[in-house]
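Asks:
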Amino acid sequence: MARAVGIDLGTTNSCVSVLEGGEPTVIANAEGARTTPSIVAFAKNGEVLVGEVAKRQSVTNVERTIRSVKRHMGTNWSMDIDGKKYTAQEISARVLQKLKRDAEAYLGETVTDAVITVPAYFNDAQRQATKEAGEIAGLNVLRIINEPTAAALAYG
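Written out as structure tokens, the structure reads:
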């Protein structure tokens, strides 16, 4: 059975972890960092950049760089890039896909199941939008958990 990963889909940064020997281990991304900037950029050549590479080019590509999309989860917000509208779920899914790829590289196996954390104050629409983002990213979202609950489970 494939292992489930835990994902903190943050406003500024995100991270992914897995249980190893009963202890949570934060997985480093492809760049070697334990957190990934929650930033998605659409390069002028059509390439979609996520994380640190998106952050590095954001100064020169402001109009095509999206950050803090978590604040728009559960709303009808969208961003138009080259005539295509992207919802908050679709942008968040790009971040989740990167975290999924990084976890797969670390584990050496396909990652399908995930638990994703959200702020305790998120309403039902925001929670559902987060789950949809996970599904768009190709994840089976086992549960949406409040961030404080996840912290208590890790240390309780």
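Sequence positions in the sequence shown follow the numbering used here and run 177 to 332. Note that CB positions come from ideal geometry on N, CA and C, so glycine has one too.
Please report the distance separating the alpha-carbon of asparagine 205 from that of aspartate 300.
Replies: 30 Å
Asks: Expressed to the nearest angstrom, what Euclidean distance is found between the alpha-carbon atoms of arginine 210 and leucine 283?
Replies: 15 Å
Asks: Report yes or no: do the segment 279-295 and the segment 226-243 share at least 3 C-beta pairs separated by less than 8 Å?
Replies: no
Asks: Under 9 Å, do glutamine 302 and valine 291 count as touching if we go by C-beta distance?
Replies: no
Asks: DSSP three-state call for glycine 310: helix, strand or coil?
Replies: Of the three classes helix, strand and coil, the one that applies to glycine 310 here is helix, per DSSP.
Asks: My output table needs one value for aspartate 256: the three-state DSSP class, helix, strand or coil.
Replies: strand
Asks: Taking buried to mean at least 16 other C-beta atoms within 10 Å of its own C-beta, is serine 244 buried or exposed?
Replies: exposed
Asks: Helix, strand or coil for isoleucine 203 per DSSP?
Replies: coil
Asks: Would you call the CB atoms of valine 216 and threonine 241 closer than 9 Å?
Replies: Yes, the pair counts as a contact, with Cβ atoms nearer than the cut-off.
Asks: Does DSSP put lysine 276 in a helix, a strand or coil?
Replies: helix
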